[in-house]
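Taking it in order: structure first as structure tokens, then the write-up.
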Amino acid sequence: MESKTVNEPLKFSIEYMDFKNDPAEDFYKFSNGKWLEKAKIPGDKTRHEAFSILAEKNLYKLKSILGELKNKENPDKIEKMVSDFYKSGMDTELIEKLKFEPLKDMVSILDDMKSHADLPLVLSKLSMNGIDTLFGFGSEADEKNSEIYAFYLMQSGLSLPDRDYYLNDQFKDILKEYEKHIKIMLDLYGYENPEKFEKKIVNIEKKIAEFSRSRVDLRDPEKNYNKMLLNELSENYKNFDFSLFLNIINFKHSDYVIIGQPEFFKNVIDYFETLNIDDIKNYLFWKILNSTASLLHKEVRDEDFRFYKKVLLGQEKQEERWKTVVKVIDASIGEALGELYVKRYFPPGAKERMMAMISDIEDVFKERLKNVEWMTPKTKEMALKKFSKFNEKIGYPDKFMDYSSIKIEKNDYFGNVLRADLFEMNRQMNRIGNNVDKTEWEMTPPTVNAYFNPLKNEIVFPAGILQPPFFDNEMDDAVNYGGIGGVISHEITHGYDDEGRHFDENGNLVDWWSEEDARKFDEYADKVVKLYDSLEILPGIHVNGKLTLGEDIADLGGVYIAYNALENHLKKHPELNKKIDNLTPEQRFFISWSQVWRGKIRENEIKRLITIDPHAPSKFRGEVPVWNHEEFEKTFKEYIKNDKKKEKIKIW
Numbered sequence: 001m002e003s004k005t006v007n008e009p010l011k012f013s014i015e016y017m018d019f020k021n022d023p024a025e026d027f028y029k030f031s032n033g034k035w036l037e038k039a040k041i042p043g044d045k046t047r048h049e050a051f052s053i054l055a056e057k058n059l060y061k062l063k064s065i066l067g068e069l070k071n072k073e074n075p076d077k078i079e080k081m082v083s084d085f086y087k088s089g090m091d092t093e094l095i096e097k098l099k100f101e102p103l104k105d106m107v108s109i110l111d112d113m114k115s116h117a118d119l120p121l122v123l124s125k126l127s128m129n130g131i132d133t134l135f136g137f138g139s140e141a142d143e144k145n146s147e148i149y150a151f152y153l154m155q156s157g158l159s160l161p162d163r164d165y166y167l168n169d170q171f172k173d174i175l176k177e178y179e180k181h182i183k184i185m186l187d188l189y190g191y192e193n194p195e196k197f198e199k200k201i202v203n204i205e206k207k208i209a210e211f212s213r214s215r216v217d218l219r220d221p222e223k224n225y226n227k228m229l230l231n232e233l234s235e236n237y238k239n240f241d242f243s244l245f246l247n248i249i250n251f252k253h254s255d256y257v258i259i260g261q262p263e264f265f266k267n268v269i270d271y272f273e274t275l276n277i278d279d280i281k282n283y284l285f286w287k288i289l290n291s292t293a294s295l296l297h298k299e300v301r302d303e304d305f306r307f308y309k310k311v312l313l314g315q316e317k318q319e320e321r322w323k324t325v326v327k328v329i330d331a332s333i334g335e336a337l338g339e340l341y342v343k344r345y346f347p348p349g350a351k352e353r354m355m356a357m358i359s360d361i362e363d364v365f366k367e368r369l370k371n372v373e374w375m376t377p378k379t380k381e382m383a384l385k386k387f388s389k390f391n392e393k394i395g396y397p398d399k400f401m402d403y404s405s406i407k408i409e410k411n412d413y414f415g416n417v418l419r420a421d422l423f424e425m426n427r428q429m430n431r432i433g434n435n436v437d438k439t440e441w442e443m444t445p446p447t448v449n450a451y452f453n454p455l456k457n458e459i460v461f462p463a464g465i466l467q468p469p470f471f472d473n474e475m476d477d478a479v480n481y482g483g484i485g486g487v488i489s490h491e492i493t494h495g496y497d498d499e500g501r502h503f504d505e506n507g508n509l510v511d512w513w514s515e516e517d518a519r520k521f522d523e524y525a526d527k528v529v530k531l532y533d534s535l536e537i538l539p540g541i542h543v544n545g546k547l548t549l550g551e552d553i554a555d556l557g558g559v560y561i562a563y564n565a566l567e568n569h570l571k572k573h574p575e576l577n578k579k580i581d582n583l584t585p586e587q588r589f590f591i592s593w594s595q596v597w598r599g600k601i602r603e604n605e606i607k608r609l610i611t612i613d614p615h616a617p618s619k620f621r622g623e624v625p626v627w628n629h630e631e632f633e634k635t636f637k638e639y640i641k642n643d644k645k646k647e648k649i650k651i652w
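In this note's numbering, the protein residues as written are 1 to 652.
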């Protein structure tokens, strides 16, 4: 049976609006008030918003594809692979029968640890089995030589969403519940006296949290780029045999690594030297069990849900099994599933209309770069040079990833996930030192999202987001410029925000701004930080303006740019400059932007996102960029009762 969510209309609508609200006092309720009154968060969700509703609709589309493949007589290789993966995940009878059997080989890796010197061996083997341990790693374009793939090492090791969950009193009740959760899970596995280990495991993670950089510090690309030759790596971390670690994870083709947080590695390595071997083994066993819980039998999945979704986020009930399995397939062999999705659901004309809108918006941004008042001529010249090499990807990759080497079996769900993880791990390791593949995507086609990649100087829009309310072939241009147009403009500005501005036209981490330009930019950025810091989403809980700075600048600039593009479009097509639903194109533009961000969210999920998410809450995204626009008061003068005359911040 389909959920109510999948049948919920997503189109722009004046029926969502509440004209009783003064747009100058609460534009979000002015645009979405009636929708907010009626909307309810489904029991199996932590939020109910345009993004999640559209993602839910896409899940049902993927389910439809998988349902048809179930009984297809002669499926091709991709169809068989995807279908067998789905069948394995839905075979709950077998999963119940196996209990903890799938963990046997992984747990046996811990037997290799006889002394502290064995830690690199054990961590590397667990990592190759897809277990999140102390160190995160992978390959990506070298930020200072973006044509070549480099190897990155990053801080990791925590099982809660962020270090603040261990260090901030706001989350002390969650931490107590986390201890209980560990005990219950160890008890389910059959650990003898599990109460002896729960506090020790939490205390280890607390220390790791103390060593970890904050989310704000992780946004600094220069600070998180630390290149080390292999001999320097060995010299700097003498208590950890990195040569052994790198050898087992198949590191090759390079004489250097890039360490994101060098002090984290030193502190964690030194700290683990002081720990009892059994305590280390218990911590690593917990990482195995915690990382794989969602793939195991119902008793374990239920407890995993109880803590991570119900306690941590406030979600009332588990989502249906098939949804979880489809998400796992998307995360494991997503381009195979995505190839089937775009064949069925991506309309041919969508890409052409998107490219036309992108062209309009790029013209506007180029003019803005030429005329921006606070930027000096030399830096402006470099900014325009960067923009001349800007690239766009729409819908889906020109060439889909080949997963044919992964062994997918319809009776081995756990193994399918692990083999897919190993495939991705080896793919990333094998490309180190090779030329960067500029055609590769970082999101799968059904994804409801978009991104800017500073290393490739490109914006990417998967097919999944090119649907209402973001993009609607049946709607007037004003609505589309306010929806997907604002998102396009948002992504473009990321190339020039507090992070993106550190990368040049070739995607290299280079300081190409003059001191004067950087100072002026920071003056504007400080105003943005101050504005968003002042926004209170729950009593006593404010937005972290430094964490959300890049996204806030993109929202503010995105609305300015997309509005400008709409005005240019209307000049070219004056016949479109007319009221619809008694609203002008400009009014529909701003309302469309706000309706894209309409949503309701559970309180615990708000607390999590405020801590980890570089985006401001949806309410502020749908409101602040609108009243910040210089044409806001003029556009809505007939509805405004109390003009608050707030200061406008205009960077782009």
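Glycine included, C-beta positions come from ideal geometry on N, C-alpha and C.
- By how many angstroms is the C-alpha of D330 removed from the C-alpha of A24? 42 Å
- Query: Among residues of its own chain, excluding the 5 on either side of D142, which ones have a beta-carbon nearer than 6 Å to its beta-carbon?
  - Reply: I148, A150
- Message: Taking the alpha helix (DSSP H) that E8 belongs to, which residues open and close that run?
- Response: Where E8 is concerned, there is no enclosing alpha helix (DSSP H), given that its DSSP letter is neither H nor E.
- Item | Beta-carbon proximity of G622 to R47, cut-off 9 Å | no
- Query: Nearest-angstrom Cα distance between V122 and I269?
  - Reply: 14 Å
- Message: Whole angstroms are fine: how far does the CA of L455 sit from the CA of Y345?
- Response: 30 Å
- What residue ranges within the stretch 454 to 521 form continuous beta strand (DSSP E) runs of no fewer than 3 residues, ordered along the chain? 458 to 462
- Rounded C-alpha distance that separates I490 from E373: It should be pointed out that residue 490 corresponds to His in this sequence rather than to Ile. If I take the Cα positions, the gap works out to 20 Å.
- What is the DSSP secondary structure of L119, reduced to helix, strand or coil? helix
- Name, in chain order, the residues that DSSP records as bridge partners for A141. Y149
- Alpha carbon of D613 to alpha carbon of Y28, nearest angstrom: 21 Å
- What are the boundary residues of the beta strand (DSSP E) that includes M228? 226 to 229
- Task: Use the C-beta contact count for F632: other C-beta atoms within 10 angstroms, 16 or more gives buried, fewer gives exposed.
- Result: buried
- Message: My assumption, with CB atoms under 8 Å, is that V626 sits in contact with V559. Please give the rounded CB distance.
- Response: 7 Å
- Message: Please identify the residue among L340, K351, I465 whose C-alpha is closest to the C-alpha of P75.
- Response: L340
- Message: Quick check on the DSSP output: what are the complete beta strand (DSSP E) runs of length 3 or more inside the stretch 289 to 313, in order along the chain?
- Response: none
- Item | Where the alpha helix (DSSP H) through E362 begins and ends | 348 to 371
- Output the boundary residues of the alpha helix (DSSP H) element that contains G67. 50 to 69
- Could you check which residue in K644, V487, A518, H569 has the C-alpha nearest to that of H502? A518
- Task: Measure the alpha-carbon distance for F265 versus D498 and round it to whole angstroms.
- Result: 26 Å
- Whose C-beta lies closer than 7 Å to the C-beta of K641 among residues of the same chain, with five residues either side of it excluded? D22
- Classify N642 as helix, strand or coil using the three-state DSSP reduction. coil
- Message: Output needed for M1: all residues of its chain with C-beta closer than 7 Å, excluding positions within five of it in sequence on either side, in chain order.
- Response: The pLDDT assigned to M1 is 46, lower than 50, so where the model puts this residue is not dependable, and the model offers no usable value.
- Query: With 16 as the cutoff for other CB atoms within 10 Å, does E630 come out buried or exposed?
  - Reply: exposed
- Query: Cβ atoms of G464 and T444: under 9 Å apart, would you say?
  - Reply: yes
- Message: Once the 5 residues before and after L218 are set aside, which same chain residues still bring their CB inside 7 Å of it?
- Response: N224
- Task: Within the same chain, show all residues whose beta-carbon is closer than 6 Å to that of I184, passing over the 5 residues directly before and after it, in chain order.
- Result: E303
- Message: Given this structure, state the Cα-to-Cα distance separating R353 from N577, to the nearest angstrom.
- Response: 19 Å
- Query: L54 and Q467 look like a contact to me (Cβ under 8 Å); what is the Cβ gap, rounded to whole Å?
  - Reply: 6 Å
- Query: Hey, how far is the Cα of S404 from the Cα of P397?
  - Reply: 17 Å
- So V448 and N58 are in contact, right, with Cβ under 8 Å, and what is the actual spacing, rounded? 6 Å
- Taking all protein chains shown into account, decide if T635 is buried (16 or more other Cβ within 10 angstroms of its Cβ) or exposed. buried
- Item | Complete runs of the alpha helix (DSSP H) confined to the stretch 545 to 614 [at least 4 residues] | 549 to 572, 585 to 596, 603 to 612
- Task: Could you tell me which of D504, Y496, G349 sits nearest to D522, measuring between CA atoms?
- Result: Y496
- Message: With DSSP as the reference, identify every bridge partner of G130, one or two as the case may be.
- Response: Answer by DSSP bridge pairing: none, since G130 is not bridged.
- Please name the residue or residues paired with K393 in a DSSP beta bridge. V460
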